[in-house]
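So the sequence shown is numbered by my numbering: it starts at 1 and just counts up by one. The beta carbon of each residue, even a glycine, is placed where N, CA and C say it ideally should be. The structure under discussion appears below in the form of structure tokens.
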Amino acid sequence: MTTRRAFLQAAGLAGGAVAATLVNRVALAALPDPVVQTEPATMPPLSPPTGRPYRPVVTLNGWTLPWRMHRGAKEFHLVAEPVVREMAPGLKAHLWGYNGQSPGPTIEVVAGDRVRIFVTNRLPEHTSIHWHGQRLPNGMDGVSGLTQPAIQPGQTFVYEFIARRPGTFMYHPHADEMTQMAMGMMGSWVTHPRENHPLIAAVDRDFVFLLNAYDIEPGSYTPRIMTMLDFNLWSWNSRVFPGIDSLNVRLHDRVRVRIGNLTMTNHPIHLHGHEFEVTGTDGGPVPPAARWPEVTADIAVGQMRQIEFIADEEGDWAFHCHKSHHTMNAMGHDLPTLIGVDHRGLSRKIARLIPDYMVMGERGMADMTEMAMPLPDNTIPMMTGAGPFGSVEMGGMFSVVKVRRHQQPGNYADPGWFRHPQGTRASRSTHKVQEPPRSGSAGRPAMARGEQPGAGVEVRVRKPGGHAGH
Ligand SMILES: [Cu+2]
Numbered sequence: 001m002t003t004r005r006a007f008l009q010a011a012g013l014a015g016g017a018v019a020a021t022l023v024n025r026v027a028l029a030a031l032p033d034p035v036v037q038t039e040p041a042t043m044p045p046l047s048p049p050t051g052r053p054y055r056p057v058v059t060l061n062g063w064t065l066p067w068r069m070h071r072g073a074k075e076f077h078l079v080a081e082p083v084v085r086e087m088a089p090g091l092k093a094h095l096w097g098y099n100g101q102s103p104g105p106t107i108e109v110v111a112g113d114r115v116r117i118f119v120t121n122r123l124p125e126h127t128s129i130h131w132h133g134q135r136l137p138n139g140m141d142g143v144s145g146l147t148q149p150a151i152q153p154g155q156t157f158v159y160e161f162i163a164r165r166p167g168t169f170m171y172h173p174h175a176d177e178m179t180q181m182a183m184g185m186m187g188s189w190v191t192h193p194r195e196n197h198p199l200i201a202a203v204d205r206d207f208v209f210l211l212n213a214y215d216i217e218p219g220s221y222t223p224r225i226m227t228m229l230d231f232n233l234w235s236w237n238s239r240v241f242p243g244i245d246s247l248n249v250r251l252h253d254r255v256r257v258r259i260g261n262l263t264m265t266n267h268p269i270h271l272h273g274h275e276f277e278v279t280g281t282d283g284g285p286v287p288p289a290a291r292w293p294e295v296t297a298d299i300a301v302g303q304m305r306q307i308e309f310i311a312d313e314e315g316d317w318a319f320h321c322h323k324s325h326h327t328m329n330a331m332g333h334d335l336p337t338l339i340g341v342d343h344r345g346l347s348r349k350i351a352r353l354i355p356d357y358m359v360m361g362e363r364g365m366a367d368m369t370e371m372a373m374p375l376p377d378n379t380i381p382m383m384t385g386a387g388p389f390g391s392v393e394m395g396g397m398f399s400v401v402k403v404r405r406h407q408q409p410g411n412y413a414d415p416g417w418f419r420h421p422q423g424t425r426a427s428r429s430t431h432k433v434q435e436p437p438r439s440g441s442a443g444r445p446a447m448a449r450g451e452q453p454g455a456g457v458e459v460r461v462r463k464p465g466g467h468a469g470h
């Protein structure tokens, strides 16, 4: 039997981070006490205290749920409940999740393990959990109404099955799904292979996270659950840049990143400076003959993609969704483009009616990151993130893979910013620039008004010739 102390050591969790723990004599006879996490930091991997050994995964801005061995099974206890999630410093969301956080803790087991999961519902409405991608008895599939009655508030259900195939899976409710997933109820599941597997490489670092999205009005705390597409917070494990931790690896490490998508749209996830291969999906490992090099993997809704690469280039490498609106925070999308528009007179007139009025974007939107404009409570700038050379001008689904020569094996701590060797960083040139031979007016309408070339430009618009009969 596992003691509380052994559990804490195994979890590598700071004492204060675990609000409620573990096994007492009464619980041993019944179900394990739920373990709760209240911090949004990336917790160290949970080396297995019992059962078969494996290299554990690191859940980005998350943690792995401890278990106990009992009656021949790994026993877990998930509690569905309202939580407060810090999505980034200055931005808190009132979500629903599991065991204190959204997403819930990662569940990690070994193929062949018998798994018993108690699910307690502390939500105001019924729920269930579906184990996305798993082979299991139909009655354990967690679809309320179809394979089981819903778990009513206050009730605890138990799911039990053998983790039959290795891979990366997800869990989420299959009851009032639209509401419960929009509120943040989801988690990752990793089943490690039982022994050396011909299609699953041993890796030095293994990360996992979920893509999710929220629509939270600046100044408010609770997501709008009716939103279908126009979300304003695009997140990884319910965190947005600059709140997403970096993925810190050692030079020449073989790195695996497992990414599941539980949003309402696809996300092309792009890694700078390296090529990777998709080595697995939630359907299983990809045979080597079916892999090809990529720098972007599109991850569709309800899919998991497992990418692998050798981190053989030192530096701070951007790692992000390539949809540019998904690397922004809390933005409105119904604004006109104002690049090149002289709105000086206009803003003065509007300011008489609305004293705080400010026109955005005469020079592009980058100015926005420099503006010291007051924000509503509980929101963060649209694009931000202090880098070593200024604002990174990013938000949302953005992080950095930090590849370092001296990152010790097993150390996931942030090594700080990369120091570029002499002569290996883009820098200002002091050469005099000759005016290139081109029309001075080309591109004029896309310049800020004060910087436009002097001469007027005539724009002629010819309507397409009408068709007969018009
Ligand atoms: Cu995206």
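Give a yes or no on whether the C-beta atoms belonging to residue i and residue j are separated by under 7 Å.
{"i": "residue 161", "j": "residue 199", "result": "no"}
{"i": "residue 107", "j": "residue 128", "result": "no"}
{"i": "residue 472", "j": "residue 272", "result": "Outside the displayed span of the chain (1 to 470) sits residue 472, for which this structure offers no information."}
{"i": "residue 97", "j": "residue 184", "result": "yes"}
{"i": "residue 308", "j": "residue 265", "result": "no"}
{"i": "residue 79", "j": "residue 61", "result": "no"}
{"i": "residue 32", "j": "residue 63", "result": "no"}
{"i": "residue 182", "j": "residue 223", "result": "yes"}
{"i": "residue 303", "j": "residue 261", "result": "yes"}
{"i": "residue 231", "j": "residue 320", "result": "no"}
{"i": "residue 206", "j": "residue 57", "result": "yes"}
{"i": "residue 263", "j": "residue 330", "result": "no"}
{"i": "residue 312", "j": "residue 133", "result": "no"}
{"i": "residue 394", "j": "residue 382", "result": "no"}
{"i": "residue 191", "j": "residue 111", "result": "yes"}
{"i": "residue 322", "j": "residue 396", "result": "no"}
{"i": "residue 277", "j": "residue 295", "result": "no"}
Let me know the secondary structure DSSP gives residue i once reduced to three states.
{"i": "residue 288", "result": "helix"}
{"i": "residue 88", "result": "strand"}
{"i": "residue 99", "result": "coil"}
{"i": "residue 227", "result": "coil"}
{"i": "residue 139", "result": "helix"}
{"i": "residue 474", "result": "Since the displayed the chain opens at 1 and closes at 470, residue 474 lies outside it and no answer follows."}
{"i": "residue 28", "result": "Here residue 28 scores only 47 on pLDDT, less than 50, and its place in the model is too uncertain to base an answer on."}
{"i": "residue 408", "result": "coil"}
{"i": "residue 182", "result": "helix"}
{"i": "residue 327", "result": "helix"}
{"i": "residue 22", "result": "For residue 22, the predicted structure reports a pLDDT of 45, less than 50, and the residue's modelled location is therefore unreliable. The matter cannot be settled from this model."}
{"i": "residue 393", "result": "strand"}
{"i": "residue 314", "result": "coil"}
{"i": "residue 308", "result": "strand"}
{"i": "residue 75", "result": "strand"}
{"i": "residue 446", "result": "helix"}
{"i": "residue 39", "result": "coil"}
{"i": "residue 275", "result": "coil"}
{"i": "residue 294", "result": "strand"}
{"i": "residue 108", "result": "strand"}
Who does residue i pair with in a DSSP beta bridge?
{"i": "residue 214", "result": "233"}
{"i": "residue 148", "result": "144"}
{"i": "residue 170", "result": "132 and 188"}
{"i": "residue 245", "result": "Looking at the DSSP assignment, residue 245 forms no beta bridge with any residue, so it has no partner."}
{"i": "residue 67", "result": "Answer by DSSP bridge pairing: none, since residue 67 is not bridged."}
{"i": "residue 82", "result": "96"}
{"i": "residue 320", "result": "270 and 398"}
{"i": "residue 121", "result": "80"}
{"i": "residue 157", "result": "119"}
{"i": "residue 261", "result": "211"}
{"i": "residue 280", "result": "285 and 306"}
{"i": "residue 62", "result": "None; residue 62 has no bridge partner."}
Please report how far the alpha carbon of residue i lies from the alpha carbon of residue j, in whole angstroms.
{"i": "residue 168", "j": "residue 254", "result": "18 Å"}
{"i": "residue 102", "j": "residue 328", "result": "20 Å"}
{"i": "residue 65", "j": "residue 446", "result": "53 Å"}
{"i": "residue 126", "j": "residue 173", "result": "10 Å"}
{"i": "residue 298", "j": "residue 387", "result": "27 Å"}
{"i": "residue 170", "j": "residue 427", "result": "44 Å"}
{"i": "residue 148", "j": "residue 139", "result": "7 Å"}
{"i": "residue 23", "j": "residue 34", "result": "Caution is warranted here: a pLDDT of 42 is assigned to residue 23, below 50, making its placement in the model unreliable, and the coordinate value is therefore given only provisionally. Those two C-alpha atoms are separated by around 9 Å."}
{"i": "residue 119", "j": "residue 229", "result": "30 Å"}
{"i": "residue 392", "j": "residue 422", "result": "22 Å"}
{"i": "residue 141", "j": "residue 225", "result": "25 Å"}
{"i": "residue 43", "j": "residue 37", "result": "10 Å"}
{"i": "residue 288", "j": "residue 84", "result": "42 Å"}
{"i": "residue 240", "j": "residue 143", "result": "30 Å"}
{"i": "residue 69", "j": "residue 46", "result": "15 Å"}
Please check if any C-beta of chain C sits within less than 7 Å of the C-beta of residue i.
{"i": "residue 420", "result": "Within the model displayed, chain C is absent; a lone protein chain is all it includes."}
Is there at least one non-hydrogen atom of ligand 2 closer than 6 Å to the beta-carbon of residue i?
{"i": "residue 420", "result": "The model depicted lacks ligand 2 and carries ligand 1 instead."}
Would the region 240-250 count as touching the region 413-424 if we require 3 or more Cβ pairs under 8 Å? yes
Inter-stretch contact (C-beta, 8 Å, three-pair minimum) for the region 79-99 and the region 191-208: no
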